[in-house]
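Participant:
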Amino acid sequence: MSLRILHVSDLHTGAGKAGAEAGPGPALQTLVDELKPTLVIASGDLTHRNKPWQHDGAAALLKGLGVPVLAVPGNHDIPLLSPNRVLAPWKEFERHWLTTEPTHSTPSLYVVGINSVRPWRHQSGGVSKEALARAVGRLKSAPTEAFRIAVLHHQLVGAPWRSRKKPVAHRNHVLAALAEAGAELIVGGHVHQGTVSDRHEFEVVDEAFHGAVVTTVPGLGRPRPRRHGEACGAFLYTPGTADLTVETYLWREQEWGVTARRTFARGAGTLGSRSA
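Yeah, the sequence shown ends on 835 if you go by my numbering, and it's all consecutive.
(1) What are the boundary residues of the alpha helix (DSSP H) that Thr589 is part of?
(2) Given this structure, state the Cα-to-Cα distance separating Val626 from Gly633, to the nearest angstrom.
(3) Relative to the C-alpha of Gln752, which candidate in Lys724, Gly826, Glu743, Thr589 has its C-alpha closest?
(4) Short of 8 Å in beta carbon distance, which residues of its chain neighbour Lys699, apart from the five on each side in sequence? Order them along the chain.
(5) For His614, report the span of its alpha helix (DSSP H) as first-last.
(6) How long is the line joining the alpha carbons of Glu806 and Arg821, rounded to whole angstroms?
(7) Three or more C-beta pairs closer than 8 Å, one from the stretch 743–751 and one from the stretch 713–721: is that the case here?
(8) Inspect the CB distances between the stretch 774–781 and the stretch 561–574 and report whether three or more fall short of 8 Å.
(9) What does the alpha-carbon distance come out to for the pair Ala601 and Ala801?
(10) Give me the Cα-Cα distance between Lys622 and Asp765, rounded to the nearest whole angstrom.
(11) Alpha carbons only, please: which of Cys791, Gly799, Gly826, Leu803 is nearest the one belonging to Gly816?
(12) Taking the straight line between their C-alpha atoms, what separation do you get for Glu704 and Gly799?
(13) Taking 8 Å as the limit between beta carbons, can you name the residues of its chain near Pro648, skipping five residues before and five after?
(14) Where does Thr597 land, buried or exposed, given buried means 16+ other C-beta within 10 angstroms?
(15) Glu704 bridges to which residues according to DSSP?
(16) Kindly indicate which residue of Asn609, Leu624, Glu660, Thr662 has the alpha-carbon position closest to the one of Ser641.
(17) Report all residues from its chain with a CB closer than 6 Å to the CB of Val710; omit the five preceding and five following residues, and keep chain order.
(18) Kindly give me the distance between the Cβ atoms of Glu743 and Ala771, rounded to whole angstroms, as I take these residues to be in contact under 8 Å.
(19) So, using beta-carbon positions, are Gly808 and Leu590 closer together than 8 Å?
(20) Where does Val773 sit, in a helix, a strand or coil, going by DSSP?
(21) Tell me where the beta strand (DSSP E) around Gly584 begins and ends.
Right, here's the structure in full:
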């Protein structure tokens, strides 16, 4: 059975009037039923304001999909002004998901979740030395044949359109460490815009260095539906023996549709010689 990983982010459960759902959250089940993914990745901002009932709703939606789910927190998943923002920032998130650094492990797929949320910052994200070391250690311990993915909330690659939201702090170091530990796919969200890029497209690296595809998925929820520069959708990752395909699914006019498909070579190689 081939691997198919569905990636969603920024559900913002509870945004809107009287806690109404924003965006295609309830329609996610339709997409899962159609694509039949091996795993669903939810890369943070599962809630809009970290309310217990919002965490309950997000967990009910994701855990009710009928497939395994790996979730990491986003900056909206911790208290906004309460002292618990510092004293117990992960209390509500961990009530449903147990840890902010989850791992999904099978002989063919190994996914590492990384907590990029910094309670002393409202928007920008970073990865501590200790958290990065733990992620690197886990990636290196993955089964030899497993396709390895690293998941954060905050983006490593910049938004394709204007955005004030900065990428992960010290992203060059974070990217290099994760790629050298074996991560072939590094994913995030946060900016509600989609970006897909191979490491070699934005960085000159020696052939001995590991390649990696880096993505930022569009948001699934739209807490500010009139704001320009925000998309609504999901990514589907399909790794093959020699390549990785990334498809962009957009939610538009109450239905899902594929708007883009890209294929990348796995490892340090390329897809082939250029056309004559």
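The C-beta atom is built at its ideal place from N, Cα and C for all residues, glycine as well.
Facilitator: Walking through what the data contain:
(1) According to the DSSP assignment, Thr589 belongs to the alpha helix (DSSP H) that extends over 587–594.
(2) 22 Å
(3) Lys724
(4) Ala740, Gly741
(5) 611–622
(6) 7 Å
(7) yes
(8) yes
(9) 26 Å
(10) 42 Å
(11) Checked all of Cys791, Gly799, Gly826, Leu803; the closest Cα to Gly816 is Cys791.
(12) 12 Å
(13) Ile637, Pro638, Val676, Pro678
(14) Burial check for Thr597: the Cβ neighbour count within 10 Å reaches 16 or more, so the residue is buried.
(15) DSSP lists no partner for Glu704.
(16) Closest option to Ser641, judged by alpha-carbon separation, among Asn609, Leu624, Glu660, Thr662: Asn609.
(17) Ile600, Ser602, Val631, Gly672, Val746
(18) 6 Å
(19) In the sequence under discussion, the amino acid at residue 808 is Tyr, which differs from the Gly named in the question. Cβ distance < 8 Å, so Tyr808 and Leu590 count as in contact.
(20) Note: Val773 maps to strand in three-state DSSP.
(21) Here Gly584 belongs to no beta strand (DSSP E), and DSSP marks it neither H nor E.
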